[in-house]
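Down below is the structure, laid out as structure tokens.
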Amino acid sequence: MDPNAQPDRLSDLPDVLLVLIMSFLSFKERAQTNFLSKRWESLYLETRDLSFKESDFLTASVYANPIRWLKARADFVGYVRRLVDRIRDQPIETFGISISYPKPYLELIESLMAFAVQKRVKSLVLDFSNLVWRTYNDVNIEKLVVKIPQSVYDLTSLESLEVCACKDFDPSKLSKLGKLRSVSFGWMELTDLPPLLETSRLESLTMKECLVHDLEKISSVHLREVAIYNCDFYFMCIFNLPRVDIFKYRGDIMSFGFDQMNTIISEVELDFGAAEKKNDVSYDSYGIEAGMICEFLNNLLDEGRRTATTLTVCPFLLKVIPRSEHPHFLRPMKTKHLVLKTKLHPKEFNGIRLLLLTCPYLETLTIDLLPPSPIAVKLS
Numbered sequence: 056m057d058p059n060a061q062p063d064r065l066s067d068l069p070d071v072l073l074v075l076i077m078s079f080l081s082f083k084e085r086a087q088t089n090f091l092s093k094r095w096e097s098l099y100l101e102t103r104d105l106s107f108k109e110s111d112f113l114t115a116s117v118y119a120n121p122i123r124w125l126k127a128r129a130d131f132v133g134y135v136r137r138l139v140d141r142i143r144d145q146p147i148e149t150f151g152i153s154i155s156y157p158k159p160y161l162e163l164i165e166s167l168m169a170f171a172v173q174k175r176v177k178s179l180v181l182d183f184s185n186l187v188w189r190t191y192n193d194v195n196i197e198k199l200v201v202k203i204p205q206s207v208y209d210l211t212s213l214e215s216l217e218v219c220a221c222k223d224f225d226p227s228k229l230s231k232l233g234k235l236r237s238v239s240f241g242w243m244e245l246t247d248l249p250p251l252l253e254t255s256r257l258e259s260l261t262m263k264e265c266l267v268h269d270l271e272k273i274s275s276v277h278l279r280e281v282a283i284y285n286c287d288f289y290f291m292c293i294f295n296l297p298r299v300d301i302f303k304y305r306g307d308i309m310s311f312g313f314d315q316m317n318t319i320i321s322e323v324e325l326d327f328g329a330a331e332k333k334n335d336v337s338y339d340s341y342g343i344e345a346g347m348i349c350e351f352l353n354n355l356l357d358e359g360r361r362t363a364t365t366l367t368v369c370p371f372l373l374k375v376i377p378r379s380e381h382p383h384f385l386r387p388m389k390t391k392h393l394v395l396k397t398k399l400h401p402k403e404f405n406g407i408r409l410l411l412l413t414c415p416y417l418e419t420l421t422i423d424l425l426p427p428s429p430i431a432v433k434l435s
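For the numbering used here, count along the sequence shown from 1 and bump the result up by 55.
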């Protein structure tokens with residue numbers, strides 16, 4: 056034995072603690088523990104959380120090489136098959152599969168969804184989005200191929216569900232799942248959402264890069280957290296969320312109304328960067344957008360009668376709100392913690408000053424310094 060060797064403290068820990076530690080590792084890191092010893096290989100099979108992410112298994116250099124990418128995907132899928140085949144009687148609480156270009160592996164995906172249903176998992180992630188997608192406009196709805204089976208809609212053990220880039224997804228079929236508390240939808244069309252919101256006991260709703268049809272009101276007496284990222288709404292949407300505690304919005308400036316909202320909202324985060332006109336460097340044409348943002352804030356906080364304890368805003372908001380025809384119409388806010396995401400561009404300074412003036416009860420100011428925007432260079 057080498058007297059200089061460091062003691063292996065992990066090996067002295069009981070199996071139950073090692074399994075708990077492994078549950079916090081990524082898919083790739085867990086897979087690597089198999090090579091440590093037979094004990095670690097058996098421990099991996101005892102974990103109650105299984106998450107298979109293609110992006111954890113494949114490096115950026117592999118994605119750049121088509122031949123290596125195909126081989127690596129085949130290795131990834133082969134590993135998933137072998138591991139699932141070896142898991143028999145132990146319970147599984149969390150299961151996830153994330154893979155792009157799923158068409159060649161539809162049979163495997165269907166078997167994995169059946170496996171999750173058979174194990175009666177509490178948390179399920181079905182993500183078939185593509186890493187190269189940047190916005191919803193990059194998604195070709197006609198080429199989405201994975202359909203959620205009825206057995207998943209009927210899985211009464213579900214407490215958390217994430218669905219991305221699936222075909223003909225119907226959220227209304229989830230409305231009878233009494234234990235479901237958290238849902239996240241991304242990269243697809245969403246229709247018939249109200250039955251889920253109005254009849255379930257959902258506490259958390261996240262929508263990312265979705266085209267939302269026929270949703271004129273997001274209404275729920277149970278929702279505590281709502282996050283909407285770069286979604287396209289066909290109509291004006293009204294929020295009726297009397298118990299909401301966290302509200303996050305990232306996207307274009309849209310026509311939203313706020314009806315019954317919680318009197319004190321712990322956290323509000325607003326990012327209107329999608330509205331920025333890339334070719335306009337003067338910001339002189341943003342008067343309308345600035346007025347809409349001021350109105351958005353006034354309506355959300357009910358002209359100062361509601362409180363956002365922590366308010367986080369983006370650089371675009373800081374640049375344009377002084378451009379409003381009547382910037383003083385921005386009502387005083389009872390915010391105690393203001394988070395400014397800023398690039399410290401000179402055009403943001405007046406917006407920073409204006410927000411500080413409208414937060415007379417401010418106790419904490421956080422400056423979240425972002426990297427500067429890239430400078431466009433014309434090559435002759």
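Cβ coordinates follow ideal geometry from the N, Cα and C atoms, glycine included.
Problem set entry | According to DSSP, residues forming a beta bridge with ASN295 | SER274
For this session: Compute the distance between the beta-carbons of SER215 and LYS177, then report whether it is under 8 Å.
Result: yes
Exercise. Per DSSP, GLU324 is paired with what?
Worked result: LYS303, THR367
Exercise. Skipping 5 residues on each side, what residues in its chain have a beta carbon closer than 7 Å to that of LEU372?
Worked result: LEU325, PHE327, ILE348, GLY406
For this session: State yes or no: is the C-beta of LEU199 within less than 8 Å of the C-beta of LYS222?
Result: yes
For this session: Return the residue from the list MET168, ALA115, GLY359, ALA119 that minimises the CA-CA distance to VAL139.
Result: The closest CA to that of VAL139, considering only MET168, ALA115, GLY359, ALA119, is found on MET168.
Exercise. Comparing alpha-carbon positions, which option in ASP300, HIS277, HIS268 lies nearest MET291?
Worked result: Measuring from the Cα of MET291, the nearest candidate turns out to be HIS268.
Exercise. Taking the beta strand (DSSP E) that GLN205 falls in, what are its first and last residues?
Worked result: Note, GLN205: premise wrong, no beta strand (DSSP E); alpha helix (DSSP H) at 205-208.
Problem set entry | CB contact flag (ILE320, THR367, <8 Å) | In this structure, the beta-carbon distance from ILE320 to THR367 does not fall below 8 Å.
For this session: Tell me the start and end of each unbroken beta strand (DSSP E) in the segment 125-213 that is at least 3 residues and wholly inside, in chain order.
Result: 149-153, 178-182
Problem set entry | Spatial neighbours of ASP188 in its chain, beta-carbon cut-off 7 Å, leaving aside the 5 residues before and after | Reading the sequence as shown, one finds Trp at residue 188 and not Asp. Within the same chain, TRP188 has close Cβ partners VAL194, TRP242.
Exercise. When DSSP labels each residue in this structure, what does GLY233 get in the three-state scheme?
Worked result: coil
Problem set entry | Range covered by the beta strand (DSSP E) that runs through MET262 | Per DSSP, MET262 belongs to the beta strand (DSSP E) from 259-263.
For this session: Quickly, what does DSSP pair PHE107 with across the bridge? List them, please.
Result: ILE152
For this session: Would you mind working out which of ASP225, CYS286, LEU266 sits nearest PRO250, comparing C-alpha positions?
Result: It is ASP225.
Problem set entry | Cβ distance (whole Å) where PHE107 is taken to contact ILE152 below 8 Å | Approximately 5 Å separates the beta-carbon atoms of PHE107 and ILE152; this is inside 8 Å, confirming the contact.
Problem set entry | Cα-Cα separation, VAL207 to VAL172 | Taking the straight line from one Cα to the other gives about 6 Å.
Problem set entry | Residues that GLY312 bridges to, as DSSP identifies them | By DSSP's assignment, GLY312 forms a beta bridge with ILE293.
Exercise. Less than 8 Å separating the beta-carbons of VAL201 and ILE164?
Worked result: yes
Problem set entry | Three-state secondary structure (DSSP) of SER379 | In this structure, SER379 counts as coil in the three-state DSSP scheme.
Exercise. Can you tell me whether PRO159 is buried or exposed, with buried defined as 16 or more other CB within 10 angstroms of its CB?
Worked result: exposed
Exercise. Can you give the Cα-Cα distance for ASN334 and TYR156, rounded to whole angstroms?
Worked result: For ASN334, the predicted structure reports a pLDDT of 44, less than 50, and the residue's modelled location is therefore unreliable. A value from the coordinates is still provided. Cα to Cα, the separation comes out at about 34 Å.
For this session: Compare the Cα-Cα distances from HIS400 to each of PRO370, LEU412, LEU410 and report the closest residue.
Result: It is PRO370 whose Cα lies nearest to the Cα of HIS400.
Exercise. Three or more beta-carbon pairs under 8 Å between the segment 288-302 and the segment 225-235, yes or no?
Worked result: no
For this session: Alpha carbon to alpha carbon, how far is LEU260 from VAL281? Give it in angstroms, no decimals.
Result: 5 Å
For this session: Please report how far the alpha carbon of PRO426 lies from the alpha carbon of THR364, in whole angstroms.
Result: 26 Å
Exercise. Is DSSP giving VAL336 helix, strand or coil here?
Worked result: Its pLDDT being 48, under 50, VAL336 is placed unreliably by the model, and nothing is read from it.
Problem set entry | Run of the alpha helix (DSSP H) containing SER116, from where it starts to where it stops | 115-118
Exercise. From which residue to which residue does the beta strand (DSSP E) around LEU393 run?
Worked result: 392-397
Problem set entry | Selected residue, minimal CA-CA separation from SER212, among LYS231, ARG175, ASP182 | ARG175
Exercise. Can you name the residues that DSSP bridges to SER239?
Worked result: GLU217, THR261
Exercise. Looking at C-alpha atoms only, which residue of ALA329, LYS402, LEU420 is the closest neighbour of VAL394?
Worked result: Looking at the Cα atoms, LEU420 is the closest of the given residues.
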